[in-house]
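Enquirer: Sharing a structure here in C-alpha cells format.
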Amino acid sequence: MNFLKRLFSSSSPVASAAMKDVITKETASNEIVIFSKTYCPYCSRAKSLFASQFPSNQTKVLELDQMQNGSEIQSTLASMTGQRTVPSVWVKGTFIGGNDDTQKLYQSGKLNEMLTK
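Here full-length UniProt numbering is used: the first residue of the sequence shown is 1, the next is one more, and so on.
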C-alpha cells in the first residue's frame, strides 16, 4: 500500500502524467473549462462572466477544493501553465489565464472571437 501511495503521490511522475491526462481530456472535450475553488472570489467573477455573457456555450467548472485530487491537479496546472493560482481558464483547449486575463479578453472582444471561431 505504501508503494502505491508513493507511486501516485503528487510528486511522482506517474501521478503528474495522470493529472496531465485529466486536464488534457477535460480541456479537449469541453469548450470552456474553469479550474476553480468554491471560496475564491476571482473564480466567482470568471464563472459569472461566462454564465452571464456566454450562457449558450458549454462550460465545465471543476471545483478543485471539492475534488480528492484537486491539489494534484492544481500543481500540474501550475507546471503546465506557469500560473499557480485559480481560476485557470481554458477556451477550446487553450489556456487563456486567470480572471484578470479573462476579463481583459472579454473587454477587448477577443474572448467573443475565440468562442465564435
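Backbone N, C-alpha and C fix where the C-beta goes; we use that ideal spot for every residue, glycine too.
1. Tell me whether Ser52 is buried or exposed, calling it buried when 16 or more other Cβ atoms sit within 10 Å of its Cβ.
2. Less than 8 Å between C-beta atoms, sequence neighbours within five positions excluded: which residues of the same chain meet that for Lys5?
3. Could you say which of Pro87, Ile32, Asp100, Lys37 lies nearest to Gln68 if we only look at CA atoms?
4. DSSP beta-bridge partners for Leu62?
5. Can you tell which of Thr85, Asn30, Asn99 has the C-alpha that lies nearest to the C-alpha of residue 118?
6. Secondary structure at Ser48, three-state DSSP: helix, strand or coil?
7. Have a look at Gly97 and Ser56 and give me their C-alpha separation to the nearest angstrom.
Expert: On the basis of the coordinates in this document:
1. exposed
2. Legend: pLDDT at Lys5 = 45, less than 50; position of this residue unreliable, value from coordinates given subsequently. Closer than 8 Å at the Cβ level, and outside the excluded window around Lys5, lies no residue.
3. Lys37
4. Phe35
5. Because residue 118 is not part of the residues shown, which for the chain are 1 to 117, the question remains open.
6. helix
7. 21 Å
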